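Numbering (the working numbering), first residue to last: -17 to 190. Here's the structure, in structure tokens; my notes come after.
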Amino acid sequence: MNNLFKMRADIIRISSAPGTVVSVPSMPGKEITIPVSELPSFLVQDDHLSKSWEQIKPFQLAGFGVIVNTFVDLELPYCEEFSRVDARRAYFVGPLAQPSCSTVHRGGDKRAGEAETAVPAVAIARAVAGFMERGAQRDGVEASARDLAGRARAAVGENGSSWRDIHRLIDDLVQARASGFRKSAPSKLSFVFAQNSAVVVIIRLEKK
-17 MNNLFKMRAD
-7 IIRISSAPGT
3 VVSVPSMPGK
13 EITIPVSELP
23 SFLVQDDHLS
33 KSWEQIKPFQ
43 LAGFGVIVNT
53 FVDLELPYCE
63 EFSRVDARRA
73 YFVGPLAQPS
83 CSTVHRGGDK
93 RAGEAETAVP
103 AVAIARAVAG
113 FMERGAQRDG
123 VEASARDLAG
133 RARAAVGENG
143 SSWRDIHRLI
153 DDLVQARASG
163 FRKSAPSKLS
173 FVFAQNSAVV
183 VIIRLEKK
């Protein structure tokens, strides 16, 4: 998200063009493209989060660490990149349940009506019918889902990557407390960030 925010002016400039997509810059692996209509609102218009986002990155870097709701085996290159450029310490402890609070929105929902085309009902029916039939496509999707579920269970199981990161977080906090730090109350900024992304919690520590 930080990478997209850096090009926010360009996104706003092209956002009115039908069918526009943007490439996420400076990411490892294959190119990632996202339709502008699916981006969070703060990237294409001014709101409370767009006005404070520039403070979030230094806030992350200045904080003790960041807890992220994902697991390493799901997106290893991106976890490594996040640890390298977005936090002093990163703890990947997912998968965790997402909040059901109505203030958490999926990116692009508020602008869903801006999409220039609608998928015909017959095309949807054809796709669903094709998927319901036994075949290589359905078998492949089911196999991928089973594999992902297995990796998620392994991550939170004993000695899994998320299990280890939770214990590393506890050990680091205990060590920091012994060194004379105490956990501070979350600031308004960190609360807003966690509430809107539903995946990130920033830890702040202060000297006693």
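Yeah, the Cβ is synthetic: ideal placement off N, Cα and C, and Gly gets one too. Keep in mind that this is a model prediction, so the values were computed, not measured.
Is GLY132 helix, strand or coil by DSSP?
-> Reduced to three states, the DSSP call for GLY132 is helix.
Three-way DSSP call (helix, strand, coil) for ALA158 in this model = Helix at ALA158.
Could you tell me which residues DSSP pairs with PHE74 in its beta bridges?
-> Bridge partners of PHE74 according to DSSP: VAL50.
Please report the Cβ distance between ALA134 and PRO59, rounded to the nearest whole angstrom; I am assuming they are in contact, meaning their Cβ atoms lie under 8 Å.
-> Contact doesn't hold; Cβ gap of about 18 Å is too wide.
Nearest neighbour of CYS61, chosen from ASP147, ILE(-7) and ALA103 [CA to CA] = Of ASP147, ILE(-7) and ALA103, the residue nearest in Cα terms is ASP147.
Backbone CA spacing between LEU171 and GLY117 [nearest angstrom] | Any reading at LEU171 is ruled out, since the residue's pLDDT is 42, under 50, leaving its predicted position unreliable.
Integer-rounded CB distance, given that PHE46 should sit under 8 Å from ALA158 | 7 Å
Where PHE53 falls, given that 16 or more other Cβ within 10 Å makes a residue buried = buried
Around the C-beta of VAL18, are 16 or more other C-beta atoms found within 10 angstroms, so that it is buried, or is it exposed?
-> By the neighbour-count rule (16 or more Cβ atoms within 10 Å), VAL18 is buried.
Per DSSP, what kind of secondary structure is PRO0 in: helix, strand or coil?
-> PRO0: coil per DSSP, three-state reduction.
When burial is assigned at 16 or more other CB atoms within 10 Å of the CB, is PRO22 buried or exposed?
-> buried
How many angstroms separate the CA atom of LEU31 from the CA atom of LEU25?
-> 9 Å
Less than 8 Å between the CB atoms is what I'm expecting for ILE184 and PHE41, so what's the real figure, rounded?
-> 6 Å
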